[in-house]
Each structure stands twice: as structure tokens, then as C-alpha cells.
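So for the sequence shown, the UniProt record's numbering puts the first residue at 1; every next one is plus one. Contents: one structure, followed by commentary.
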Amino acid sequence: MFYQVKVPVEDRDFLRFYWWENGNVDTEPKEYRMTVHLFGATSSPSCSNYALQNTAKENKDKFDSLVIDTLTKNMYVDDCLSSTDTEESAISLIKNVTELCKEGGFNMTKWTSNSQNVVQSIPEKDCARNIEEWNCGDDSLTDRALGVRGILSIVSSIYDPIGIVSPFVLTAKSILQGLCKKEIGWDEEIPNTELSSWNKWLSQLKGLENIKIDRCYKPQHFKAIVSYQLHCFADASDKGYGCVFYIRLVDEEGSIQCSFVRKSRVAPLKSMTIPRMELTAATSAVRLGNMIIREIEYSFDDIYYYSDSMSVLRYIANSKTRFHTFVANRLAVIHESTKVNQWHYIGTKENPADLASRGATIEQFNRNPQWLRGPDFLWDKDIKFPQCTEDTSFIGNDPEVKKPVAVCTVESFEGMERLISYFSNWERLVTITARFVLAANHFRNARDSIEIEGSGKMSMKMSDTLTTSIVECAERSLISYVQHKHLSEDIQTLEKKCPLKISSKLSKLDPFVDKDGLLRVGGRLERSDISYESKHPIILPKDSPISRLIIENIHRSIGHLGKNSILAVLRQKYWILGANSIIKGLVSRCVRCKKYQGTCAKQKMANLPKERLQADDPPFTRIGIDFFGPFEVKQGRSVVKRYGVIFTCLTIRAIHLELAYSLDTDSCINAIRRFISRRGVPVFIRTDNGTNFVGSERELGEEMKRWNFNQIQEFMIQKRIQWEFNPPSASHFGGVWERLIRSVRKVFYSVMHEQNIRLTDEGLMTLFCEVESILNGRPITEASDSITDLNVLTPNHLILQRPGESFPPGVFSKTDSYVRRRWRQIQYLADLFWTRWRKEYLPLLQRRTKWTKPTRNMQVGDIVLISDNAPRNSWNMARVIELIKDKDNVVRIVKVKTANSVLMRPIAKLCLLVESFHRQWNTSVAVRHPSLWTFIRCMKDQQGSAETSIDAANRGDNPPKKKEKVEGKWKIGCKD
């Protein structure tokens with residue numbers, strides 16, 4: 001079959017091979033390619049089957065549906081298996097299928113049939129060879145199985161794919177399974193017990209000749225069928241489990257036919273309880289039932305399942321009960337494909353699957369007709385299902401049901417461990433520990449300080465003064481505890497005067513135990529003139545809370561400096577293993593460090609707006625406007641201020657400069673009117689929002705606040721102009737003109753400084769025109785060093801109609817008048833500009849020069865700083881209350897709430913302090929610093945939120961000394 005399907009020429013290189021002529025490997029081999037699909041290639045079956053299916057598809061108009069369905073549904077690679085109602089249909093089917101296959105280059109051959117008349121109608125060259133009669137009937141023919149080789153070969157030689165005689169075969173399979181359990185080898189002699197059972201079974205094998213079954217589900221005398229039903233029976237025993245299926249047909253005259261479908265299996269080698277075996281049989285019935293429904297082209301009206309196991313029926317009926325994994329997994333399969341009302345109880349004697357689960361001799365098989373025809377109640381006109389008297393909802397003390405288990409976790413803390421975990425400040429922990437040490441010392445000396453009073457009571461006088469020695473003793477006690485907890489093995493090794501293992505984390509530090517029992521670094525600095533503690537710092541483990549507290553204390557004491565500064569101070573007294581990672585994590589979580597050193601948020605650069613990408617329109621059709629300045633000019637004997645207005649073409653990057661005499665609304669409108677008079681009416685204008693004009697210019701910003709934007713908007717509407725604002729404080733949204741303002745200033749100041757004079761209004765206007773001309777002649781595409789390339793593209797190419805290259809020959813004839821053909825020249829130049837604009841300029845906008853990766857989106861509840869032009873320590877703190885996303889679900893603008901107002905800000909103007917305020921507001925990170933503490937209190941007061949309890953809040957700063965109720969029903973407690 002594979003050789004009938006050609007390989008495409010472009011794919012034949014995958015099937016190359018070498019070939020030596022006449023098998024002589026001493027000669028140079030020749031290289032060949034297979035032109036057809038070969039046996040052994042993974043792709044061959046799929047490609048060949050596709051070619052066969054495509055043959056049927058392309059010729060569906062030439063043959064009837066039965067022939068097409070045979071080729072599309074009844075083929076297994078190159079084998080065809082089909083059945084028909086009559087011999088005439090079979091003869092016609094063979095002829096037509098053969099012809100259909102020839103249409104695609106396939107030769108269908110080796111036909112056989114169970115009908116002698118059909119076989120005789122097939123040409124001899126197309127018949128299967130070595131056909132022998134099987135003595136099952138005068139006209140039953142089949143291909144014989146392979147020869148007998150031992151017990152396995154004999155059992156395998158029984159060709160029974162649908163399990164007609166599976167109860168009889170089950171006995172032989174059970175014998176084989178018993179031999180496997182005893183680990184009997186292939187060539188060993190079979191024990192007498194198994195041999196006797198085998199010989200008994202083998203003697204009955206010839207009796208299979210007398211077993212007959214109707215091949216067709218539907219009898220020939222049947223009329224039109226009005227009801228299709230599928231009945232599935234399942235059963236299991238310690239020997240095996242099985243299921244048997246019957247199709248129940250009812251025709252229009254009320255005749256009933258029940259037909260056998262399939263079969264059984266032996267029990268697994270691993271021992272299993274009977275309820276589990278019964279459930280496995282029920283699961284197999286469901287899976288086989290789904291396969292039958294899918295494969296048999298009947299549309300069943302009803303599907304019923306039967307089991308004689310009350311345990312299985314109770315399992316299926318209890319959908320809310322929790323079972324162990326084995327039962328739960330199989331019930332999931334059953335519940336997914338069936339409903340509870342489809343399952344029925346059937347007694348063991350009436351269950352035909354009982355024969356499949358226990359096995360049967362030929363005599364028992366012949367005496368039990370219900371195996372092949374189904375139980376008697378299926379033949380009744382009105383089915384009366386067997387009734388069960390037991391309650392299927394009662395589970396009882398079934399071992400498969402999960403019992404609720406109460407789990408109690410007890411955490412035990414030693415006194416020192418509990419003390420350490422209680423504090424978040426190293427100095428306070430040492431101080432409190434010193435108080436305990438002081439109290440312990442007083443109790444040890446109690447005899448000297450106890451005075452007996454007349455009442456018989458004892459009083460104890462103690463001093464509350466902490467000394468340096470007591471504090472140092474407390475610190476040594478804490479460190480000694482941590483070292484013995486985490487580094488006890490190394491300490492014991494050193495105390496025994498033994499060298500440390502090479503795998504030890506301390507092996508490179510040459511550690512030793514000092515007179516106080518503390519583990520210190522030996523190192524190589526013994527001869528240096530630094531202090532003892534610096535030469536031999538105390539070793540601390542990475543996983544101890546004390547290590548983190550010490551680093552946090554140093555971080556605060558040195559003014560929140562970076563990692564190197566912390567390490568320098570730390571190693572004057574302590575050597576913490578893995579200190580770098582602890583410091584890195586500490587600095588990254590420190591709110592105060594974020595406040596003074598954190599960068600503003602960034603997000604992946606958005607796509608360009610459509611107004612920057614539209615071609616074939618006149619210059620300045622879509623523009624951006626911005627103000628810059630001021631400039632001082634001479635007017636008589638006085639000096640006045642003037643401002644520049646830049647109009648930027650968003651498409652070709654051309655500019656137009658106007659002079660504004662003031663910053664009021666009328667001056668802005670007059671500048672726009674002058675632009676429209678000279679450049680035409682734009683269809684789209686984009687500007688900064690309010691105070692964002694020219695960014696950091698304080699004077700200009702203050703003047704902008706006084707603008708009457710409604711008056712400007714009315715003017716735009718009259719001119720049919722679409723006017724859009726950028727978000728407030730988002731100067732990077734107007735980068736297309738902000739960058740050009742920088743270029744204008746650069747050219748402007750270079751000329752002004754050379755002249756070193758104060759201009760008049762006329763001079764300033766002239767200078768604006770010169771700057772405009774210079775910048776409109778700048779290149780907007782990359783310049784090339786080759787003289788053969790075209791000149792760089794500039795805005796003047798379209799504005800002034802002066803291309804950088806000469807006209808191609810043949811555009812204009814000699815008889816053309818320049819004036820009459822001027823429009824053709826202008827049109828050509830415009831087309832030339834936009835062609836080069838698309839090919840040379842537009843691709844340059846593809847790259848993102850920065851902000852190339854997406855980052856975390858701001859979330860509602862995040863605590864941020866609002867970046868503005870004030871000093872960093874004056875930035876306002878705010879909370880995100882609303883997100884504004886683009887079409888890619890990326891947050892670009894957020895609405896934030898400060899203590900006094902609600903603002904809209906782009907994320908580039910925000911510095912993230914604390915993530916997810918709503919989820920982490922009760923952690924120590926969110927309330928560690930006084931400024932953040934005050935802000936959160938203020939926000940909660942304004943929100944009026946529900947009562948919340950914060951534990952361990954504001955440790956080490958200015959916490960409330962006891963639980964108190966503040967505004968907004970917020971309880972704050974500090975266990976320090």
C-alpha cells in the first residue's frame with residue numbers, strides 16, 4: 001500500500017540512502033532517494049491513509065454512499081472489514097470498492113467472505129490464498145490461526161474477538177495465571193494439579209464446533225425498527241470479572257430481538273477485594289458501552305446498566321460521600337458517562353455476566369442459553385426490572401469511605417526561641433534579655449537582699465539599672481543560643497580539637513571557640529593592628545532571626561545605605577553566613593529605601609497611535625501643539641516676554657513655529673488661527689493636558705492654569721477639528737514634540753549666543769522662521785555613505801516639493817509647459833515622498849528604544865509615591881484606587897488618592913512602595929515607617945472601613961502603647 005503513494009519532490013531528501021552495486025562495499029556507494037513511502041517510516045501509515053481517504057472524497061459523486069463509507073470507516077491501514085445484508089450487496093460492494101481504490105492507484109486484493117457464492121464471484125487473482133473450511137457450516141470460511149505452541153499458543157489460537165465463548169476461555173486463562181503466580185518457567189514441567197485441569201479443558205475444546213450464534217443483530221424477518229436499547233451487565237468474582245452487552249430491538253409489529261455483543265477478563269494478579277472487583281467490572285462496562293455506542297451505527301433510545309453488587313450500587317448512588325482514591329477514580333468515570341437512574345439491580349442467577357466472571361465448561365455453556373440471548377425479562381414486551389429490597393443510599397461502615405480525621409498541630413517554643421520571635425528590633429531584644437539577666441542575677445543573690453518583715457512576708461530589693469557588662473552578657477547569651485542551635489555539630493568538633501569536614505560551611509573561615517564559648521572566625525588577620533572583634537568576628541548562621549535583626553539594625557544605624565556599607569559595618573563584629581542574600585532581600589523590601597532610592601514604574605512601550613502612521617495626506621493634517629519659552633525681547637526701552645508655539649506634523653515630523661505675545665487663551669487661539677491660515681485646517685490636534693505644557697517651566701505652568709479651555713474647545717468645533725489631550729503629568733506621551741522642542745532650543749540658543757544681543761519682536765520672528773527651515777531640512781531616515789544611494793528623506797521634500805534626487809527620464813515631454821504641467825510634477829513629487837516614507841521612514845518606527853519588556857501591572861491598593869518636579873523627599877504618598885488599561889490589558893494610567901485629593905497619573909510618574917495594600921496592610925512591612933503609618937491611618941479614616949485588627953504593627957517606631965480605638969473603627973495593637 002505504501003508504495004502506491006508518491007513522496008513530494010521537496011520531501012524526498014528525508015528518504016536518502018546509500019547503495020552498493022552488487023553488494024560490493026569496497027566500491028564507492030551511490031546515493032538514492034525513495035520516491036514512494038517505505039515500510040518502517042513513521043509517516044508512511046498516516047500519509048498513505050490520507051491518500052486513501054482523499055481518493056474516497058474526490059470520487060464520492062461516482063459511487064454510492066455504502067462504497068464511500070466502506071473506504072472511510074471500515075479500513076485499518078490496508079485491510080478492509082465490512083458486512084452487508086445480502087450476497088448481492090456483498091458482490092457489488094467488492095466490485096465497487098476495488099474500482100474506487102483503482103481511481104487512487106490502489107489495488108485492493110485478497111478478498112474473502114463467509115459466503116461461498118460471494119467467494120466464487122471474486123476473480124481468482126483477487127481471492128485470498130490458502131482458504132480452508134472450518135467445519136462450522138457448509139458455507140463458513142475463514143483464515144486459520146497460527147499453529148499450537150504450548151498452553152499460551154492454544155489459548156491464543158481461539159479467534160474470538162468479541163468474546164462469544166469467553167466464559168469457556170476464562171478457565172484456560174485462569175490456569176495460565178496460576179502458573180505465572182507460581183513462577184513456572186516456559187520449559188518447565190507443569191505441576192499435576194494444573195496439568196489435570198488443563199487436560200480437562202483441552203478435551204472440551206472440540207465442543208466449540210457446536211456453538212452457533214446469529215451473525216446479524218437484526219433478523220431477516222424483522223420489520224422497521226421502532227426501539228433501540230442497549231443493556232449492559234457487569235459482574236466479578238475472585239477468578240475474573242466481565243461484562244456482557246445485548247442490543248434489544250423492537251419492530252413496528254412488536255417483535256423483540258436480543259442480540260449478544262461482547263465479553264470478559266481474568267482477575268489481576270494483585271489480590272483485590274470483591275467490592276473493588278465488582279466496581280472495576282462496572283467501570284469496564286461503562287467504557288465498553290461508550291465504545292459500542294460510538295462504533296455501532298444505532299441511535300439508542302435507552303441504555304441500561306446492571307450489577308448484582310449492592311456495594312457498587314451504593315457507591316454510585318452516593319455522589320456526595322468521599323471515598324478512597326481507588327473507588328473515587330472509578331466512580332468519576334461512571335458518573336461522567338452515566339446517570340444514577342440508568343443503574344439497576346439484578347440477582348446473581350439472572351445476571352448473564354456471572355458466567356463471564358466465573359468461567360464455564362462447554363456443558364454449562366450449552367445449558368445456559370441466556371448467555372447468548374440475554375435474560376428472560378428482556379424478551380418481555382414491557383420490561384419489568386428486577387426489584388431490590390435493600391436501601392442503596394445506606395453505606396454503613398464501608399472501609400472504602402473516608403473517615404473524617406481531626407488534625408491538631410501543636411507548636412512548642414522554647415523560652416529563648418519565643419523571646420527572639422517576639423521582637424523585630426535587635427537593640428530592644430538585647431535590652432529585654434538584659435532585664436532577664438539582671439533579674440536572674442538578683443534571684444541568685446536573693447539571700448543577701450531578702451529582709452524578713454514582721455508580717456512574715458519576704459520582700460526583695462533590686463536595682464533597675466542596666467550596666468554595660470549586663471547588656472554584653474545578654475548579647476552573648478542570645479548569640480550562644482543561636483550558634484548551638486544551628487552550628488552545634490561544628491562547635492562539638494572544634495571543642496574536641498578535631499579538624500572540620502571539608503563539606504562544612506565554616507571550613508574556609510578557620511573557626512575557633514573563644515573563652516566565652518562563642519564561635520569566631522580564625523582567618524588570616526591575626527597580625528593586623530585592628531581590634532580583636534574585627535580580626536575574629538562572631539559567626540552567625542543565615543537562617544537565624546537574630547542575623548536578620550542585626551542586619552536591619554545596622555541598616556537603620558548607617559542611614560539606609562547600600563549593601564557594601566552594611567557589610568563593612570557588619571564585619572567589624574559579626575560574620576553572617578550568606579549575608580549578601582539577606583542584605584539584598586532586606587534592602588529590596590525596605591519602604592524607606594524605596595521612598596528615597598526606588599525608580600519610577602515602567603511598562604512595555606505601547607504601540608504608536610494611528611495618527612502617526614497614516615500616509616497620503618497633506619503636511620500638518622494631524623498635528624501636535626506645545627508652548628515653550630519664555631524669551632526676552634526688547635520693546636522700546638523696556639524688556640517683555642514672548643513665547644514660542646510649536647506645531648508638529650505627527651506623520652512627517654515637520655514643524656511650524658509661531659510667536660505668542662502672551663499666554664492667555666486669546667493668544668493661543670490667535671496662534672492656531674495664524675497656523676491654519678498658512679498651513680491649512682488640520683483634522684486632528686493633540687496637546688498636553690493643562691499644566692503639562694512645557695513641563696518644568698513654573699511660570700508657563702502657572703499661566704496655563706488660567707486658560708479657558710472651553711473657549712478653545714468651541715473654536716476647535718467650529719473648525720471641525722478633533723482635539724485630544726494627553727493624560728496629565730505624562731510628558732512622555734508627547735515625546736514626538738518634546739524632542740523637537742529640544743532641537744528648537746539647541747538651534748535657537750546657538751544662534752543667540754553667537755550674536756549676544758537682545759532681539760526685537762521682528763528679529764525673534766525672523767529667527768523662528770530660520771530655525772523652522774533648518775529643522776524641516778533635517779533627515780528623518782538614516783543617512784548612507786554610498787554615493788549611489790538616494791539622498792536622505794526630509795520634511796522639506798513634501799513641504800517645498802524639492803526632492804533630493806533628479807527626475808527620472810520620460811516623466812515630462814519637451815512640449816509640456818511648466819505652468820500647465822505643474823500639477824503633474826507636484827503629484828509626482830508627493831507620490832515619490834510617500835513611497836519613500838513607507839519604505840525608509842516607517843520601518844524605523846518598529847523598534848522600541850526602551851521599555852522593551854512588560855512588567856508588573858499596578859494593582860488597586862498599591863501604595864505609591866507621586867513623582868513630580870519637587871524634591872524627592874517632598875513627593876506625595878498615595879494609594880491606587882482605579883486602573884485604566886489599554887486594549888492589551890496593560891495598565892497605562894491610574895487614579896490615585898492622596899490624603900487630600902484624587903488624581904490621574906501615568907505609571908511613569910509613580911514609584912511603587914508597597915504592593916497590594918489590601919492584602920498586606922496587616923504585615924510589618926506595610927506599617928514599619930512613621931510616614932507610611934500616618935498615611936495608612938489617614939486613608940483608613942477617610943474610607944471609613946470595617947473594624948480590623950493589626951498585630952505587631954509599627955515595631956520599633958512610634959506605636960500606640962496599648963490597644964486603642966481610633967477613627968474609622970481601626971484597632972491597633974503592639975505586642976512589643
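Beta carbons: idealized from backbone N, C-alpha and C, even for Gly. The structure presented is a predicted model; accordingly, all values stated were derived computationally and were not measured.
When rounded, the separation of the alpha-carbon atoms in Lys95 and Lys60 is 16 Å.
In the three-state reduction of the DSSP assignment, Ala730 falls in the coil class. Between the beta-carbon of Met858 and that of Val880 there is about 6 Å, and that keeps the pair under the 8 Å contact cut. For the 8 Å CB-CB criterion, Cys101 and Thr27 do not form a contact. The distance from the Cβ of Arg476 to that of Asp516 is about 6 Å, consistent with a contact at the 8 Å cut-off.
In this structure, DSSP gives Met108 a state outside helix and strand, which the three-state scheme calls coil. Annotation for Pro375: Glu350 and Pro352 place their beta carbon closer than 7 Å to its own, counting only its chain and skipping 5 residues before and after. The stretch 628–654 is shown to contain whole beta strand (DSSP E) runs of 3 or more residues at 638–649, in chain order.
Listed as beta-bridge partners of His344 by DSSP are Tyr306. The C-beta distance from Ser867 to Cys590 rounds to 19 Å, too long to fall under 8 Å, and the pair is not in contact.
When rounded, the separation of the alpha-carbon atoms in Lys496 and Ser507 is 16 Å.
Of the candidates Asn553, Thr35 and Gly578, Asn553 places its Cα closest to the Cα of Val569. For Asp301, there is no enclosing alpha helix (DSSP H), since its DSSP letter is neither H nor E. Burial of Ala730 is indicated by the presence of at least 16 other C-beta atoms within 10 angstroms of its C-beta. Under the three-state reduction of DSSP output, Val97 falls in the helix class.
Pairing Val645 with Phe631 gives a Cβ-Cβ distance that is not under 8 Å.
For the pair Thr273 and Val327, the Cα-to-Cα distance works out to about 12 Å. Look at Ala128 here: in three-state DSSP terms it is coil, with no helix or strand label.
Taking C-beta atoms as the reference points, Tyr574 and Pro545 fail to come closer than 8 Å.
Taken in chain order, the complete beta strand (DSSP E) segments of 3 residues or longer contained in the stretch 846–904 are 863–866, 876–885 and 891–897. By the beta-carbon neighbour count (other beta carbons within 10 angstroms, threshold 16), Gln722 is exposed.
Counting the other CB atoms within 10 Å of its CB gives Gln370 a total of 16 or more, which places it among the buried residues. With 16 or more other Cβ atoms inside 10 Å of its own Cβ, Arg892 counts as buried. C-alpha of Asp543 to C-alpha of Asn441: approximately 31 Å in a straight line. Just measuring C-alpha positions, the residue of Asn876, Glu336, Lys909 and Leu913 sitting nearest Ser901 is Asn876. Take Thr84, set aside five residues on each side of it, and the residues of its chain with a beta-carbon closer than 7 Å to its own are Ala90 and Leu93, in chain order.
Closest by C-alpha distance to Gly735, out of Glu658, Ser667, Leu650 and Ile676, is Leu650. Check the Cα spacing between Leu487 and each of Arg527, Glu336, Tyr246 and Leu540: the tightest is with Leu540. Inter-residue distance for Arg435 and Leu466 is about 7 Å (C-alpha atoms, whole angstroms).
Using a 10 angstroms sphere on the CB of Asp160, the tally of other CB atoms stays under 16, which defines it as exposed.
Of the other Cβ atoms in all chains shown, fewer than 16 fall within 10 Å of the Cβ of Cys769; this residue is therefore exposed. Between Tyr596 and Arg872, the C-beta gap is smaller than 8 Å, which places the two residues in contact. The Cβ neighbour count for Val633, taken over all protein chains shown within 10 Å, is at least 16; the residue is labelled buried. Val25 sits exposed, since fewer than 16 C-beta atoms from the chains shown fall within 10 Å of its C-beta. In the structure shown, Val244 adopts extended strand secondary structure according to DSSP, grouped into three states. When the five nearest sequence neighbours on each side are left out, the beta carbons in the same chain lying within less than 7 Å of the beta carbon of Val5 are those of Val36, His37, Cys47, Ser48 and Ala51, in order along the chain.
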